[in-house]
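Here is the structure we will look at, set down as structure tokens.
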Amino acid sequence: MSELSKEKLLVLYKNMLTARRFDERIREMITKGTYVMYHSGIGQEAIPIGVGANLRKDDFLVPYLRGWGYQIAKGVGLNKMLAELVGKKTGLAGGKGGTHLADFELGVLGKTGIVGAGPPVAVGAGLTAKMKGKNQVCVVFFGDGASNTGNFHESLNLASVWKLPVIFVCENNRYALSTPAKVSTSVEDIADRARGHNMPGISVDGNDVIAVYEAAREAVERARKGQGPTLLECKTYRWMGHSGITLDLEVGYRTKEEIEQWMERCPIKRFRGWLMERGYLTEGEDKRIEEEVKKQIDEAVRFMESSPYPTRGELERDIYFEEGGET
Numbered sequence: 043m044s045e046l047s048k049e050k051l052l053v054l055y056k057n058m059l060t061a062r063r064f065d066e067r068i069r070e071m072i073t074k075g076t077y078v079m080y081h082s083g084i085g086q087e088a089i090p091i092g093v094g095a096n097l098r099k100d101d102f103l104v105p106y107l108r109g110w111g112y113q114i115a116k117g118v119g120l121n122k123m124l125a126e127l128v129g130k131k132t133g134l135a136g137g138k139g140g141t142h143l144a145d146f147e148l149g150v151l152g153k154t155g156i157v158g159a160g161p162p163v164a165v166g167a168g169l170t171a172k173m174k175g176k177n178q179v180c181v182v183f184f185g186d187g188a189s190n191t192g193n194f195h196e197s198l199n200l201a202s203v204w205k206l207p208v209i210f211v212c213e214n215n216r217y218a219l220s221t222p223a224k225v226s227t228s229v230e231d232i233a234d235r236a237r238g239h240n241m242p243g244i245s246v247d248g249n250d251v252i253a254v255y256e257a258a259r260e261a262v263e264r265a266r267k268g269q270g271p272t273l274l275e276c277k278t279y280r281w282m283g284h285s286g287i288t289l290d291l292e293v294g295y296r297t298k299e300e301i302e303q304w305m306e307r308c309p310i311k312r313f314r315g316w317l318m319e320r321g322y323l324t325e326g327e328d329k330r331i332e333e334e335v336k337k338q339i340d341e342a343v344r345f346m347e348s349s350p351y352p353t354r355g356e357l358e359r360d361i362y363f364e365e366g367g368e369t
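By our numbering, the letter at position 250 of the sequence shown is numbered 292, and the numbering carries on one by one without gaps.
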């Protein structure tokens, strides 16, 4: 049984629901002609929300490319997120970052589409936290494919050598683009790779937000105590294709039956049932939360639609260096 209060449990639920509905709204916008670089996080919401619930405002977070639950868990506003995704000047980076969302005030260091690029950034942030002595931690998210890169192993090694406060979170959704993990990865449990770097390796059900939360809590507490990094593997499944709004069925690397089986293990559906069985959530409360989430997303859409695009001068700002002037 989790130590979480009803209030915190419902925050977890609302954040998961927000991540799902925000993702669905973006997909709807794309079908109507709005361009957004889209890597759906549907089916994986329990991981960023469960892990992120353990972080303080001043902790660092390096997101995975899939979905927007990382920013939501850290408190980034939907208005600026959506404006950034469509290139409006009111976005987090003035419309110039697109899907690579960052909010340095909240410690969100920005995501990248380069496989395995996040762990080295996290090691740098972890070293910064240790040197400043502010008891901060850094969490980095990445996919199973990234665990086969040199960046991954080099980052785990250095974090372990220096006992850095870094939590490496692998979202093992079983496919790196269209390559099954079983044909590209030498271990069944990626968490086992932690042994080679002298750190704890934990594997949990990534569709169980309570299991994710509790495993992350232990890792964060360990990091804050100066005991070094942890590798947390969260086993899950992405519903949509690698990118875009289709299921990738035409590519042929997975079947409709497989997708449907995992949809039955929906992390939100499971958590909703868990909450209702224990009396933490009623049908009325569920409806109220759904309405609150819809209202928040509707407001973000209005904000985005009413926001201007940046001018050419604004687009070129921060791009080129001018001798003796501003960058």
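Even glycine gets a Cβ: it sits at the ideal position worked out from N, Cα and C.
- Less than 9 angstroms divides the Cβ of Val251 from the Cβ of Leu54.
- The beta-carbon separation of Leu274 and Ala258, rounded to 6 angstroms, stays under the 8 angstroms limit for a contact.
- Between the beta-carbon of Gly248 and that of Glu213 there is about 7 angstroms, and that keeps the pair under the 8 angstroms contact cut.
- Secondary structure of Ala95 (DSSP, three-state): coil.
- Pro222 is bridged by DSSP to Tyr217.
- By the neighbour-count criterion, in which 16 or more other beta carbons inside 10 Å mark a residue as buried, Met173 falls on the exposed side.
- By the Cβ neighbour-count rule, Pro222 is exposed, with fewer than 16 other Cβ atoms within 10 Å of its own.
- Taking a 10 Å sphere around the C-beta of Thr324, we find fewer than 16 other C-beta atoms and assign the residue as exposed.
- Under the three-state reduction of DSSP, Lys277 is assigned to strand.
- Where Gly166 is concerned, there is no enclosing beta strand (DSSP E), although the alpha helix (DSSP H) around it starts and stops at Gly160 to Lys174.
- Taking a 10 Å sphere around the C-beta of Pro309, we find 16 or more other C-beta atoms and assign the residue as buried.
- Per the coordinates, the alpha-carbon of Gly129 lies some 30 angstroms from the alpha-carbon of Val165.
- In the three-state DSSP reduction, Asp328 falls in the helix class (H, G or I).
- According to the DSSP secondary-structure assignment, Ile209 is paired through a beta bridge with Val181 and Thr272.
- Beta-bridge partners of Phe102 (DSSP): Cys180.
- Of the candidates Val93, Gly160 and Ile244, Gly160 places its Cα closest to the Cα of Asn193.
- For Val251, there is no enclosing beta strand (DSSP E); the enclosing alpha helix (DSSP H) covers residues Val251 to Arg266.
- The alpha-carbon separation between Thr272 and Gly92 amounts to approximately 16 angstroms.
- Annotation for Val53: no beta strand (DSSP E) segment contains it, though the alpha helix (DSSP H) segment containing it runs Lys48 to Thr73.
- Within the DSSP bridge table, the entry for Val246 names Cys276 as partners.
- The C-beta of Lys277 has 16 or more other C-beta atoms within 10 Å across all chains shown, which makes the residue buried.
- Assigned with DSSP and collapsed to three states, Asp340 falls in helix.
- Apart from sequence neighbours up to five positions away, no residue of its chain approaches Arg359 with a beta-carbon distance below 6 angstroms.
- The shortest C-alpha to C-alpha distance from Leu107 to any of Ala342, Glu49 and Gly155 is the one to Gly155.
- Here Met305 is exposed: its Cβ has fewer than 16 other Cβ atoms, across all protein chains shown, within 10 Å.
- From the listed residues Gly326, Phe313 and Gly185, the smallest Cα separation to Ala233 is found for Gly185.
- For Lys298, the enclosing alpha helix (DSSP H) starts and ends at Lys298 to Met305.
- The DSSP-derived three-state label of Asp145 is strand.
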